[in-house]
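Position 121 of the sequence shown, counted from 1, bears residue number 120 in numbering that gives the first Met the number 0, the numbering being contiguous throughout.
Take a look at the structure below.
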Amino acid sequence: MAVGNRHVDLAKALREAKEAAESAGSLEWISAASAVAHLKPHLENSAHAAKMRICEFAYDKLIRAKARRYVVGDAIRDDVALPHVFWWAKGHAALTQNWPTGSFSTYINDTEHRAFGVLFPRKDIESMIPEDAQPVTLEPAAASNKIFLVHGRDEAAKNEVALFLRNLGLDPIILHLRPNSGRHLLTKFREEADGANFAVILMTPDDVGGIAGADVQPRARQNVVFELGFFIGKLGPAHVAALLKSNVEKPSDFDGIAYISYGQGTSWKTELAREMHHARIPFDASAVLTA
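So, in structure tokens, the structure goes:
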């Protein structure tokens with residue numbers, strides 16, 4: 000967790016960041032990992048030095064940054080230009096960092112700020128390279144083929160969905176099949192989730208529940224509902240799809256994501272493939288109807 004905090008005019012900083020991003024017109028944005036890879040060869044091949052330099056330049060308003068999802072306390076916004084004060088720690092302990100996934104967090108005005116899917120303009124990163132440096136070709140970052148599969152107690156359904164994803168050339172992350180490596184369960188979950196670019200939530204009627212005094216309804220397990228909310232916050236609604244089996248109750252507070260009826264037949268496969276295609280997940284589309 001971030002350990003620092005300070006008080007700033009956040010509204011002004013957000014407004015300045017938005018104006019800076021919009022004034023440049025159309026920009027090509029690259030991932031945080033790509034930015035480090037591009038800058039590293041010019042800093043004695045040090046990834047640490049590249050990360051520090053990017054944080055310093057962003058804090059000094061010399062480069063711009065945006066987040067696919069920006070969470071301030073309980074408020075969630077998508078596609079937000081990050082204020083320069085977000086980078087105040089200049090790469091030190093007060094800024095929690097995960098450069099491979101572009102996830103960062105810090106505290107501003109006594110409130111936690113979390114940024115997911117952070118991007119930088121290619122031209123801004125290139126401007127940090129000395130003019131006499133040898134050119135380095137920056138390859139576009141490959142989209143992750145890892146899909147986090149959240150499931151309940153229905154082993155047959157879990158195996159069917161996992162097989163479908165594998166047949167499309169995707170790599171389903173099933174938490175209990177991953178090595179523990181000495182990690183506590185929550186740490187393991189968060190670290191494995193960092194590698195995923197899309198989440199499939201398999202909601203099967205494993206439990207029952209309802210309002211006190213009313214009839215109970217089939218529900219997904221509590222951990223499944225929790226992880227549904229986690230991935231909506233982490234990846235954004237467009238990168239989450241829920242498969243609902245039979246008459247399982249649909250959570251009322253998670254609108255905006257794709258709810259797909261799962262059962263006999265193959266329609267759920269085409270619907271799920273459509274959602275992943277919309278989220279720009281690379282997969283073998285020719286295998287959808289045969290997987």
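Ideal Cβ positions, reconstructed from N, Cα and C, are used throughout, including at glycine.
Check whether the Cβ atoms of residue i and residue j sit closer than 8 Å, and answer yes or no.
i	j	result
VAL70	ARG113	yes
ILE128	LEU38	yes
ALA64	ALA74	no
ILE256	PRO236	yes
PHE329	ALA198	No information on residue 329 is available, as it lies outside the stretch 0 to 290 that the chain covers here.
ALA32	TRP98	yes
VAL239	ILE200	yes
LYS244	GLY262	yes
PRO120	TRP28	yes
ASN166	ALA286	yes
GLY194	LYS145	yes
VAL149	VAL223	yes
Where does residue i sit, in a helix, a strand or coil, going by DSSP?
i	result
GLU248	coil
ILE62	coil
SER260	strand
ASN158	helix
GLY72	coil
ARG67	strand
ALA198	strand
VAL287	coil
THR186	helix
ARG165	helix
ILE172	strand
GLY181	coil
VAL215	coil
GLY235	coil
LEU81	coil
LEU38	helix
PHE56	helix
TRP87	coil
What is the residue span of the beta strand (DSSP E) that residue i lies within?
i	result
PHE115	110 to 120
LYS268	First-last for LYS268: 266 to 277, but that is the alpha helix (DSSP H), not the beta strand (DSSP E).
SER30	28 to 30
LEU148	145 to 149
PHE103	102 to 107
ILE206	Checking the sequence, you will find Asp at residue 206 rather than Ile. Taken as a continuous stretch (DSSP letters only), the beta strand (DSSP E) holding ASP206 covers 206 to 208.
ASN97	95 to 97
Name the two residues that bound the continuous alpha helix (DSSP H) containing residue i.
i	result
ALA10	9 to 22
CB-CB under 7 Å to residue i, same chain, minus the five flanking residues each way: which ones, in chain order?
i	result
MET275	PHE197, PHE282
VAL207	VAL215, GLN216, PRO217, ARG218
LYS233	PHE115, ALA192
Report all residues from its chain with a CB closer than 6 Å to the CB of residue i; omit the five preceding and five following residues, and keep chain order.
i	result
ALA80	ALA16, LYS17, ALA20, LYS65
PRO82	ALA12, LEU13, ALA16
LEU164	ILE146, PRO171
Spatial neighbours of residue i within its chain, please: CB distance less than 8 Å, with the 5 preceding and 5 following residues excluded, ordered by chain position.
i	result
ASN297	For residue 297 there is no data in the structure shown, the boundaries of the chain being 0 and 290.
Hey, residue i and residue j are a contact pair by Cβ (cut 8 Å); roughly how many whole angstroms apart?
i	j	result
ASP205	GLY151	4 Å
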